[in-house]
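In UniProt numbering, the protein residues as written are 1 to 567.
If you want it as structure tokens, here you go:
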């Protein structure tokens, strides 16, 4: 092919890649704008008792639907001004020092909160079941995996002493075979620190979240953050209370998300490699790491798919088709890796857990609305269907399809109810300022009964003040993220004259596609704020880009100009 034709073909491919990214970012801008509106008109809080502890926790939501008050608007303006002043000061510090301080601050703050809570047990039902299954493996108590184990509560004192909410391991993994993957993390932690060491598990979460901050920092660098942008990212992350409380949730969400994002950051390095073998190694290694993260939380397959979309746009732009082939092969290998845990556990326990519940069951939950429950949140419908069909996968799927069909027809016939249902569901997921982290911080027993700082933060006046701050911070974050997405969209359109680097295309596409995937998933999936929190955190690099753009529009002071001037 003549050089002129090759150059023309390359230009066309780059234009296609740029157009696809522009369309995706336009959609993301619309969704972030929707979330900004929801955060302005809704303030979702969970109904609860007057004290702290698991007994006062519910998943029923008060929506507080109203126009934003002058106090709220004033708080947003004040927080905006304070953040900009802090960011301006941090921008004077070298990026490496800022990153080190940020990592230290995030880690220390998490450890202090975990130590203040001092949980000795945890009441989240899935956590209890996974701890129970891991404890049986660690202690070699394989009979606990027998289908006959504790079928009747009157069999033995052991069975009578088991919490009512904790089914036998065989029953639990018959419902959810994919939970064998998360259980391996409990086996890992329990083998080192003891099966019921809640604090140790939370500290491992804290290390993972600190690593997540480093991975987000790296992705921020790749999308084009400068000193001001990195200062903004550090400030936004350091002032994000849900991030700092996330580690108290005794479940592998935080670890799985952190590992998967770390894998994505490694994949991004493939497009900065100097040699083909380095690129291949980074792609294979990155997807392998992502696969480990998906083992710990299956819905993070969304992040792997977003990485594939990012690679597709890079390959279309640079026409290095072999990179796409390596990526697809690596994705397939990582996906097969995620299927191993259930086979391993079945082999060790000599049991067959079957196919469990179909994925459609979670869409059934996501479209369900019953009196006394929050729209789209957990109910016992899938479990009842499982028992009524005796675990028959095909029959469960048929029941779920019929329910989904009925709900879609209902929404089509009554659009007003559809708007009401999805607005309340989205508000409970994205406009609840704590993302359930305050709730899950107290979902257990404390060695000192949640006295002192935890009592002040989690109940009464302190909780109200903290929620007010988080509510304002959430709205400001959405506003910054919207500004960042729009600015990035404009810069992408203008990049025709100066094409973006491959790593930049990948990072921007990933952050966009992963957020869109998370939003669309939980639009229909079972709702929970703790599930949407990871995708909310993906907005932070984009929000930092928005702050960077705002600061670029503000004239710099003579002092700053002299500091930035070349020697």
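Glycine is no exception: its CB is placed at the ideal position from the N, C-alpha and C atoms.
Note that this is a predicted model, so its numbers are computed, not measured.
Item	Value
Are the beta-carbon atoms belonging to residue 104 and residue 227 less than 8 Å from one another?	no
Are there 16 or more other CB atoms within 10 angstroms of the CB of residue 70, so buried, or fewer, so exposed?	exposed
Helix, strand or coil: which one does DSSP assign to residue 367?	coil
Put residue 538 into one of helix, strand or coil per three-state DSSP.	coil
DSSP on residue 411, reduced to helix/strand/coil?	helix
Short of 7 Å in beta carbon distance, which residues of its chain neighbour residue 379, apart from the five on each side in sequence? Order them along the chain.	365, 368, 370 and 373
What's the C-alpha gap between residue 64 and residue 327?	46 Å
In whole angstroms, what separates the C-alpha of residue 218 from that of residue 353?	40 Å
Just curious, the beta strand (DSSP E) that residue 233 is in, first and last residue?	From DSSP, residue 233 is part of no beta strand (DSSP E) but of the alpha helix (DSSP H) over 227-238.
Around the C-beta of residue 160, are 16 or more other C-beta atoms found within 10 angstroms, so that it is buried, or is it exposed?	exposed
Only counting runs of 4 or more residues, tell me where the alpha helix (DSSP H) segments fall wholly within the stretch 431-488, in order along the chain.	437-441 and 453-458
Once DSSP output is grouped into helix, strand and coil, what is the label at residue 88?	helix
Short check: CB of residue 358 to CB of residue 184, under 8 Å?	no
For residue 436 and residue 376, which I take to be in contact (beta-carbon distance under 8 Å), what is that distance rounded to the nearest angstrom?	Actually they are not in contact, since the Cβ atoms of residue 436 and residue 376 sit about 14 Å apart, beyond 8 Å.
Can you list, in chain order, the residues of its chain whose CB lies under 7 Å from that of residue 132, leaving out five sequence neighbours each side?	166 and 169
Quick check on residue 491: does DSSP put it in helix, strand or coil?	helix
Applying the 10 Å Cβ sphere with the 16-neighbour rule, what's the burial state of residue 223?	buried
Closest to residue 114 by CA distance: which of 404, 317, 130 and 200 is it?	200
For a test of the three-state rule: what should DSSP assign to residue 52, helix, strand or coil?	coil
Measure from the alpha carbon of residue 522 to the alpha carbon of each residue in 404, 363 and 491, then state which is nearest.	363
Across the stretch 33-42 and the stretch 421-433, are there enough close Cβ pairs to call them in contact, namely three or more that are closer than 8 Å?	yes
Ignore the nearest five residues each way along the sequence and tell me which others in residue 292's own chain have a CB closer than 6 Å to its CB.	259
Please classify residue 122: does DSSP put it in a helix, a strand, or coil?	strand
How many angstroms separate the CA atom of residue 334 from the CA atom of residue 389?	33 Å
Considering only the alpha carbon of each residue, which of 532, 545, 519 and 490 lies closest to residue 26?	490
Would a C-beta distance cut-off of 8 Å place residue 146 and residue 391 closer than the cut-off?	no
For the 8 Å Cβ check, are there 3 or more pairs between the stretch 438-454 and the stretch 118-137?	yes
Using 10 angstroms around the beta-carbon of residue 58, count the other beta-carbons present and answer buried if the total reaches 16, otherwise exposed.	exposed
At the level of alpha carbons, what is the spacing between residue 130 and residue 397?	25 Å
How many angstroms separate the CA atom of residue 339 from the CA atom of residue 97?	41 Å
Taking the alpha helix (DSSP H) that residue 264 belongs to, which residues open and close that run?	253-269
Have a look at the DSSP bridge pairing and note the partners of residue 62.	45
Report the CB separation of residue 408 from residue 79 in whole angstroms; it is logged as a contact under 8 Å.	Actually they do not touch by this definition, with Cβ atoms about 41 Å apart.
List in chain order: all unbroken alpha helix (DSSP H) runs of 4+ residues lying wholly within the stretch 138-162.	157-161
Look at the alpha carbon of residue 547 and the alpha carbon of residue 536, and state the distance between them as a whole number of angstroms.	17 Å
On a Cα-Cα basis, can you pick out the residue from 395, 134 and 128 that is closest to residue 348?	134
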